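So the working numbering is basically just the index in the sequence shown, starting at one, shifted up by 309.
A short write-up of the structure that comes next.
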Amino acid sequence: MAARSERPVNPRRPVAPWVRTRLRTAPGAAAALGVLVLFTAFLAAGFPQAVDAYETRGLRHDLTAASPSRSVLELTAPQPAPGPDAAREAALRPEELRSVHRQATGLLPEPLRPDRGQSAYGVRTSTALEARDSWLPRPEALRPRFTLAAQSGLAEHATVRKGRLPAVEGQVTASAKEVEAAVTAATAKTMRLDVGSVVHVAAPGSPELAVRICGIVEPRRPQGSYWSAEPTLRTPGLHAEPVSPPQVYWEAGLLLAPEAAPALLGTRGDPQLYWRIAPATGHLTAQDVAELTDRVASLEGGPGLLELKTIAGDNAALATDLDALLASYTAMRSAIRPVVAVAAVGIGTVAAVVLAMTGGLFAARRSAELALLRARGGSLRGIGGRLLAETAVVVLPAAGLGLLLCVLTVDEARLPFAVAAAGSVAVVACAALPVRALVLHRRPRAHGDRDDLVRARPGRRRAVAELTLLVLATGAVTALRRRGTSDGGDHLVSAAPVLVGLIAALVLVRLYPLPLRWAARPAGRLRGAVGFLSLARTGRSPAAGALPLLALLIALTTAAFGGSVLAGVADARDRAALLATGADARISGPWETVALPGGVERAVRDAPGVREVTAVQIEHALALPPRPNDIGDPLSPSLVGVEPGSYTRLARQWRIGAFPADALRTSRDADGRPVLHAVASPGVAKWLGSGPHRIESLSGDFTVEVTAVRTRTPAVASADFLIVDGARLAHRAPTALLADGDRLDGKALRAAVAGSGKNLSVRLRSEERAAFADSPLQSGAERIYAAAVAAGAGYAVLALCLSLLQSAPERNSLLARLRTMGLTTRQGRQLLGLEALPQALLAAAGGVGVGWATIRLLAPGVDLTRLALAAAPGLAPVDGAALRTDLWSLAVPAAGVVVLAAGVAAVQAWWAGRRGSITELRAGDMR
């Protein structure tokens, strides 16, 4: 039979594609890498997306939640100059005002856009007119005053409840003696008005104008700019005359027809033309703040104002507090950003280290393969290119999917930053395996090179690198302590916790061999071999390198720092809410100067959940006696009259300026007159000095002597106060009640108070605390920190698992050999547990120590006031908010590392016991 011919082999044709072969060989590893990259890319892309989203929501919230009187753009012009009455009246007609309004809204520059539904224009009396009718309410014998406004769009913004809308017959002139007006239901109820009522208003020395009430209306959107830009038009309010003691009077609004505006020229109420433009906020983003600030400044005093004057008159002016709202938002954002950047840098570093560890694990598992390729002439470029290709096939789709999930999940954010973040993750993940492999195999290696931590001797390059990092960490910590986080662009300051953790990891790796050497010697003299073997294995295991320890330390430090931030924020809010109310609940009248009606205290005591009630008498702006040769303004502290027993229990319970009840005793001077001992703030104590002083107050005249000094007290949030025994005051009349209890029901407490008197306010400590956290800027930053803590813990777990998996095959082989020498299953479990324990204890103890040290080092430079309190720092009754060590965030992650290490070791020992020794001890295997 003829020989069978063989097909020639083409040397240029590969037997099988490299990438496909590798993916088929290790599909599980490829899938695990893809999941890790997907999750990391999602987090990386989600961070800038989340920051943009909550900053945008914060901007819209601040502009929407602000009073419309602050956010509205109000263009005003004075009444026309003296001249012919017809010309002056024509300037107030609706047609002329409508034309100016249309042109003014068209001149608004982007990103300013008008909310046409809530914008309005008209004419109003800038000076409220007194009502001469005696049947109108007069709280303290003062005549009520009315603001007359001929505002556009009343029919679109109100529902007629009774009567009709105001109208005119013919043309109204400045000499009109009577006009029609509508009032809101709240105004009608408070001012005792009804359809047909006639109110006679006039300025001093001017003729009266009769205003007939023709209708009662109900606002459709009471909180909108139309009604709330000038709240008096919607709801009457009590105003005080600037006299001592203050006297109050009612002020309300009367809504005229737009055609009746010329009648205001004859009232001497200084009529004013106005165009109120409510800004639309639905399209604004956080990136518009700088441009929006410039546009508002231009409208207030720049080229934009000149354009408005060309249509509204040379004397026109634009007023708004929108610039102040933007400045407050910018200040809060600038204060929050550096604090959030600390969490971003920490979790980003941990993620990068874990990705690098993943590449290191793959490189270690394929060390023999790569060494064989190098020994057979494989080039570094060729090997690196193939490794990069097989990694990119898995990493790039996973990173793209993570980016897609992030874009679908988070709205109102900029895409370029998310793409850059996800791309960074892809670059690190793709480069980890090739770089690690090229570094290890830059020269052909002999098989079985020993990686012994105990015998390792760090080189000079490593020493220089460590010293450089130490200098950077020292500089970052010093800068943060001295300057704080005010400089949002200083990334070195944001990296301070990471640098501290990095230095600690390097120091621990250098010091780690010492206890191993010390412990291995006595362990070698013991009868059992498990202890000695575990210590020897710990020193030789590659899992004890700097990279896993660095990941664990930074993850634990980030979790501790995040926990301390959240704890500091919670403490500051609790403190501020307590200082604002003084107790669990605070019941008081207007301005806390009006005496409480009888029966209120009993009603509060009987309310559900109330445990104790403390009555206090507060008199603000107390006049202190002048000091000789003192040219400064005298202090105006708050006088607080209390019942010593209950008040001292309250102060001691809440730890706010506690003092003994004996500090408020009464003594006698040389003439036998009573002297009230008092507790004062430092400023008041310094002003009064030592010795008795005569005080004149609305509560009565008395002689006082300061016997104790405290910086805070529950009754008042002001910094200056004087506390005396209220029973010794001549005019004893409690003005506020401080109630303590468990889970007070605000609704029930308000219902109990409402039955005892009107115009009483009830403030709960829980509600005050919630008010300090009403900004999406704060809640968004808190969610990011909570996510950073959770992600840090997750990456710490992953880093520990990767470090143990890297040496898992070697440990399995060791167990198999030792079983052939008589090692029992129980001893095998003990060996693996003891081998993993030193590294876990090192990471846990180092994490706790580094986290505690980081918080102690950085606390003086991190101010959490803006993050904790929605109000401005000057308005919130708390002296700053600082980092506070949170034991839970320190101890729980560290304990979790130890428990997880022990659990992984136990699982590995169980799994190794199920597999036979023959599987591990193969002929020719050099593991």
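Think of the CB as a built atom: it goes at the ideal place given N, C-alpha and C, for glycine as much as any other residue.
From a predicted model like this one, the values you see are computed outputs, not experimental measurements.
One or two residues paired with residue i in a DSSP bridge
| i | result |
| --- | --- |
| Phe455 | Leu438, Ala561 |
| Ser947 | Phe1030 |
| Arg433 | Ala458, Gln581 |
| Thr923 | Leu1047 |
| Leu382 | Ile586 |
| Pro857 | Answer by DSSP bridge pairing: none, since Pro857 is not bridged. |
| Glu928 | Leu948 |
Alpha helix (DSSP H) segment containing residue i, residue limits
| i | result |
| --- | --- |
| Lys471 | Looking at the DSSP string, Lys471 is not in any alpha helix (DSSP H); the run it does join, the beta strand (DSSP E), is 467 to 472. |
| Val605 | 598 to 610 |
| Thr1174 | 1174 to 1177 |
| His410 | 403 to 415 |
| Leu817 | 805 to 820 |
| Leu368 | 336 to 374 |
| Glu910 | 909 to 914 |
| Asp394 | 394 to 399 |
| Trp536 | 534 to 537 |
Distance between beta carbons of residue j and residue i, contact taken as under 8 Å
| i | j | result |
| --- | --- | --- |
| Glu1005 | Val984 | Not quite, the Cβ-Cβ distance comes to about 15 Å (not below 8 Å), so this is no contact. |
| Thr957 | Leu664 | Their Cβ separation, rounded to whole angstroms, is 60 Å, which puts Thr957 and Leu664 out of contact at 8 Å. |
| Val432 | Gln556 | Contact flag wrong, Cβ pair sits at about 30 Å. |
| Val807 | Ile863 | 6 Å |
| Tyr535 | Leu384 | With 8 Å as the limit, Tyr535 and Leu384 do not qualify as a contact, their Cβ atoms being about 16 Å apart. |
| Ala944 | Trp900 | Before going on, a small fix: residue 944 reads as Leu here, not Ala. Their Cβ separation, rounded to whole angstroms, is 19 Å, which puts Leu944 and Trp900 out of contact at 8 Å. |
| Ala805 | Ala774 | About 19 Å separates the two Cβ atoms, so there is no contact after all. |
| Glu489 | Ala440 | Contact doesn't hold; Cβ gap of about 16 Å is too wide. |
| Arg543 | Ala495 | 7 Å |
| Pro743 | Ala1108 | The pair is not a contact, with the Cβ atoms about 21 Å apart (cut-off 8 Å). |
| Gly1101 | Thr902 | With a Cβ gap of about 52 Å, Gly1101 and Thr902 do not count as contacting. |
| Ala1105 | Val1206 | 6 Å |
| Leu1047 | Leu959 | 6 Å |
| Leu931 | Pro946 | 5 Å |
| Ala375 | Leu634 | 5 Å |
| Gly1066 | Pro906 | 4 Å |
| Val909 | Val1025 | No, Val909 and Val1025 are not in contact; Cβ-Cβ is about 19 Å, not under 8 Å. |
| Ser1008 | Gln926 | 7 Å |
| Val605 | Leu631 | 5 Å |
| Ala491 | Val526 | 5 Å |
Given residue i as reference, the closest of the options once Cα atoms are compared
| i | options | result |
| --- | --- | --- |
| Pro1305 | Leu564, Glu678, Ile525, Pro551 | Lying before the first or after the last residue shown, residue 1305 is absent from the chain, which here runs from 310 to 1236. |
| Asp1051 | Gly426, Asp1029, Arg1074, Val648 | Arg1074 |
| Pro453 | Ala970, Gly562, Pro743, Leu747 | Gly562 |
| Thr576 | Gly343, Ser484, Leu542 | Ser484 |
| Pro706 | Arg695, Ala735, Ala680, Ala730 | Ala735 |
| Gln1087 | Pro1023, Leu1046, Arg1175, Ala1028 | Arg1175 |
| Thr1044 | Arg501, Ala904, Leu712 | Ala904 |
| Ala628 | Ala916, Lys1056, Ser607 | Ser607 |
| Val703 | Gly613, Leu717, Ala738 | Ala738 |
| Asp1237 | Ala994, Leu1209, Leu518, Thr436 | The requested residue 1237 is not part of the displayed model; the chain covers only 310 to 1236. |
| Glu1196 | Leu1178, Ile1164, Ser947, Pro953 | It should be noted that the sequence gives Leu, not Glu, for residue 1196. Of the listed residues, the one whose Cα sits closest to Leu1196 is Ile1164. |
| Gln532 | Ala1168, His466, Arg501, Glu398 | His466 |
| Ala1325 | Val1216, Ala1200, Ala395 | The chain is shown only over 310 to 1236; residue 1325 falls outside these bounds and no answer can be derived. |
| Leu518 | Pro969, Ala538, Ala1154, Leu438 | Leu438 |
| Gly613 | Glu600, Pro571, Pro418, Tyr430 | Pro418 |
| Thr923 | Ser1070, Gly1035, Pro326 | Gly1035 |
| Gln480 | Glu527, Ala399, Leu547 | Ala399 |
| Ala673 | Leu1150, Asp980, Leu1111 | Leu1111 |
Host beta strand (DSSP E) of residue i (start-end)
| i | result |
| --- | --- |
| Thr493 | 487 to 493 |
| Gly524 | 518 to 528 |
| Ser897 | 894 to 897 |
| Thr629 | Per DSSP, Thr629 belongs to no beta strand (DSSP E) and is neither H nor E. |
| Glu550 | 546 to 550 |
| Ala511 | 507 to 511 |
Minimum Cβ-Cβ distance from residue i to chain B less than 8 Å
| i | result |
| --- | --- |
| Thr541 | Given the protein chain composition of this structure (a single chain), no chain B is represented. |
Any alpha helix (DSSP H) of 4 or more consecutive residues that is wholly inside the stretch 941 to 1011:
953 to 963, 991 to 997
Quick check for students: name the residue ranges of the beta strand (DSSP E) that lie wholly in the stretch 1054 to 1110, counting only runs of 3 or more.
1070 to 1073
For the stretch 646 to 730, list the alpha helix (DSSP H) runs that are entirely contained and at least 4 residues long, ordered along the chain.
676 to 684, 689 to 718
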